[in-house]
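All remarks here apply to the structure that follows.
Numbering (the numbering used here), first residue to last: 130 to 406.
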């Protein structure tokens, strides 16, 4: 029965990809890093430099009557500033980009006397029992942190972090995100030792894309195995397509990834080949 579910999920993803790629998904509602005073999100490389939270400069903190905790280490925010410079050959002024930076502090963990200005919406959900059973049944799972704004698996420390259940409009998307990171974790050297997982941090390269493909197919399989609404599979197809546009020209790639995803799912569910047969 499980094998049939895997095949149905893989077939559905292929159909979705053939129908065209729909926009990138981010199923949780709480934003990442923002400026505390303006509540504007940081952009570009700063989204990788800063963990989710509210940040302010030393001046902004002081003007608001707060203070930075003793020993707190600031975080860098980078930006481009355009300067006017005279061209010696043409005697005309031209704009030259100059990379600059400034320092900020997390108002929650590094400051005193400031209150959060976030107005993020949260949602009430009852846990999905069968999905919870999959998480708890993953016997040698890595530690999991529940922090708003970002989902990832860190191979170096063997650790998962995802936004908590209340950050998602749909509970099903929370479990789909959790399962995605759980599948990543099966590739660790202490588990299935999947090639490429240790180089996972090479954002956007071929190894990264293949690993994302495995994780998202595996997440869809786990969702199907515990009866979660198949609408999550549509999001999975969008996510997969946005990572690896070569899928249409290399159809065997998704079949290979589906095989590795199935092995990862079997590992999480503690299913052996003999049991499945």
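Each residue gets a CB set at the ideal place from its N, CA and C atoms; glycine is no exception.
Only a predicted model underlies this, so the values are computations on that prediction, with no experimental measurement involved.
Rounded straight-line distance, which links the Cα of residue j to that of residue i
| i | j | result |
| --- | --- | --- |
| residue 321 | residue 198 | 43 Å |
| residue 230 | residue 208 | 6 Å |
| residue 390 | residue 382 | 12 Å |
| residue 175 | residue 401 | 44 Å |
| residue 293 | residue 239 | 22 Å |
| residue 393 | residue 234 | 39 Å |
| residue 201 | residue 353 | 46 Å |
| residue 212 | residue 221 | 13 Å |
| residue 304 | residue 182 | 23 Å |
| residue 264 | residue 194 | 44 Å |
Neighbourhood of residue i by C-beta distance below 6 Å, restricted to the same chain and skipping five residues each side
| i | result |
| --- | --- |
| residue 330 | Unreliable placement is indicated for residue 330, whose pLDDT of 44 sits below 50; the coordinate value is still reported in the next sentence. Once the five neighbours on either side are set aside, residue 330 has no close Cβ partner at all. |
| residue 273 | 289 |
7 Å CB neighbourhood of residue i in its chain, flanking five on each side removed
| i | result |
| --- | --- |
| residue 223 | 214, 216 |
| residue 309 | 344, 345, 348 |
| residue 317 | 284, 287, 326 |
| residue 169 | 163 |
| residue 267 | 311, 397 |
| residue 332 | Low confidence applies to residue 332: its pLDDT is 45, below 50, so where it sits in the model is not reliable enough to give any reading. |
Three-state secondary structure (DSSP) of residue i
| i | result |
| --- | --- |
| residue 355 | coil |
| residue 227 | strand |
| residue 162 | strand |
| residue 382 | helix |
| residue 182 | strand |
| residue 395 | helix |
| residue 237 | coil |
| residue 243 | coil |
| residue 188 | helix |
Chain-order list of residues whose beta-carbon lies under 8 Å from that of residue i (same chain, five-residue window excluded)
| i | result |
| --- | --- |
| residue 232 | 186, 187, 203, 204, 205, 206 |
| residue 196 | 190, 240, 241, 242 |
C-beta contact flag for residue i and residue j at 9 Å
| i | j | result |
| --- | --- | --- |
| residue 271 | residue 314 | yes |
| residue 351 | residue 397 | yes |
For a minimum of 4 consecutive residues, which ranges assigned as the alpha helix (DSSP H) are wholly contained in the stretch 249 to 324? The qualifying runs are 258 to 266, 300 to 315.
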